[in-house]
Amino acid sequence: MAKAKIGGLNRGLDFLIQDNKTFEHNQPEEVVNTGSIALIDINVIVPNPTQPRTDFDENAINELAESIKTLGIIQPLTLRKKDDKYEIISGERRYRASKIAGLTEVPAYITEADDSKALQMALVENIQREDLNSIEVAITYNRLIEECHLTQEELSTRLGKGRSTIANSLRLLRLPDQMQAALRNKVITEGQIRPLISLDDPNLQLDLFQKVLNYGLSARQVEMLVKDPDGYVFELEQKAQDEENGAENPDENPEDKKLMVKAARPKLSDEQKKLKKNFSDKFKVPVDLKLDSKGIYKLTFNLKSNEDYEKIIGILNNIQI
Numbered sequence: 001m002a003k004a005k006i007g008g009l010n011r012g013l014d015f016l017i018q019d020n021k022t023f024e025h026n027q028p029e030e031v032v033n034t035g036s037i038a039l040i041d042i043n044v045i046v047p048n049p050t051q052p053r054t055d056f057d058e059n060a061i062n063e064l065a066e067s068i069k070t071l072g073i074i075q076p077l078t079l080r081k082k083d084d085k086y087e088i089i090s091g092e093r094r095y096r097a098s099k100i101a102g103l104t105e106v107p108a109y110i111t112e113a114d115d116s117k118a119l120q121m122a123l124v125e126n127i128q129r130e131d132l133n134s135i136e137v138a139i140t141y142n143r144l145i146e147e148c149h150l151t152q153e154e155l156s157t158r159l160g161k162g163r164s165t166i167a168n169s170l171r172l173l174r175l176p177d178q179m180q181a182a183l184r185n186k187v188i189t190e191g192q193i194r195p196l197i198s199l200d201d202p203n204l205q206l207d208l209f210q211k212v213l214n215y216g217l218s219a220r221q222v223e224m225l226v227k228d229p230d231g232y233v234f235e236l237e238q239k240a241q242d243e244e245n246g247a248e249n250p251d252e253n254p255e256d257k258k259l260m261v262k263a264a265r266p267k268l269s270d271e272q273k274k275l276k277k278n279f280s281d282k283f284k285v286p287v288d289l290k291l292d293s294k295g296i297y298k299l300t301f302n303l304k305s306n307e308d309y310e311k312i313i314g315i316l317n318n319i320q321i
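Rendered as structure tokens:
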């Protein structure tokens, strides 16, 4: 049987192999002993149908494929024997990238695990990743509890996480789907959305969630919004109006005022920014487009001379309504 040297494994697998460890080239008809490292034919490897990770960044996988072409696979996959195939327990990104890179075989650690143990290993490995979004983390915690029959306390001990961390994460799964999608897509942070979890009314959650997006509120401002929704929004609008009119409050903290004024100006969407640019291109002058909390647009032409004014009037007079 042919042998091939592969070294430089990441921390965490050092206890499995030593430097200059050799790997067996596995043929489909051969059986690889569990607890060993082997080069496995990529065509006999199959993804885990219960894979806890649902979002794969294709660009990141393509970048990993380029790295694999240059450096090879640094950390072996973890597989288990499943009928006449090998099922992935951890390393699906490496598996996908290896296929793109054109590898015909990959280094893998073969372990023995029943369905329950394989699921638990996959979930624990997944939760230790640094690039998971908040909803993926919460779903993984929930699966470990529901499918692996762990209590929050047992999960806390195994993962080295505080019980409050796990409990707060699980509460994210009670949020309306729209809010979960925003977390999953990283449109909003967990810190911004956490104060909204305490609200029992889903409609109120969604209403305030939309205000958080429109105003670009910080986590601290969201806490203030939850305490007094109507009063805080009114205060935001008043702060913005006072700022535009040049009013000053000597007793106000300048930093708080800066936050208030910034938050009181809803952010424009990409479509609205495009509309603003179209106006500017059409009229050949700088244009401001603002959206207030009631959804009313305010279009302002910044005219620097009488010539600009005459030009705008001429264009407007020629518009047929």
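Read in order, the letters of the sequence shown correspond to residues 1 to 321 in our numbering.
Don't be surprised by glycine CBs; every beta carbon is placed ideally from N, CA and C.
- By the neighbour-count definition (other C-beta atoms within 10 Å, threshold 16), residue 164 is an exposed residue.
- Residue burial annotation: residue 136 is buried, with at least 16 other C-beta atoms found within 10 angstroms of its C-beta.
- Between residue 209 and the set 299, 176, 80, the nearest pair of CA atoms involves 176.
- Residue 112 counts as exposed, since fewer than 16 other beta carbons sit within 10 angstroms of its beta carbon.
- Contact check for residue 155 against residue 144 passes: the beta carbons are separated by less than 8 Å.
- Look at the region 146-207 and you find these whole runs of alpha helix (DSSP H), each 4 residues long or longer: 152-159, 163-171, 177-184, 190-197.
- Taking the Cβ atoms as the reference, residue 104 lies roughly 21 Å from residue 89, outside the contact range of under 8 Å.
- Cα atoms of residue 277 and residue 309: separation of roughly 19 Å, rounded to the nearest angstrom.
- Distance from the CA of residue 93 to the CA of residue 47, rounded to the nearest whole angstrom, comes to 10 Å.
- Per DSSP, reduced to three states, the secondary structure at residue 218 is coil, with no helix or strand assignment.
- By the neighbour-count criterion, in which 16 or more other beta carbons inside 10 Å mark a residue as buried, residue 118 falls on the buried side.
- Taking the C-beta atoms as reference points, residue 191 is found no nearer than 8 Å to residue 167.
- By DSSP's assignment, residue 110 forms a beta bridge with 36, 79.
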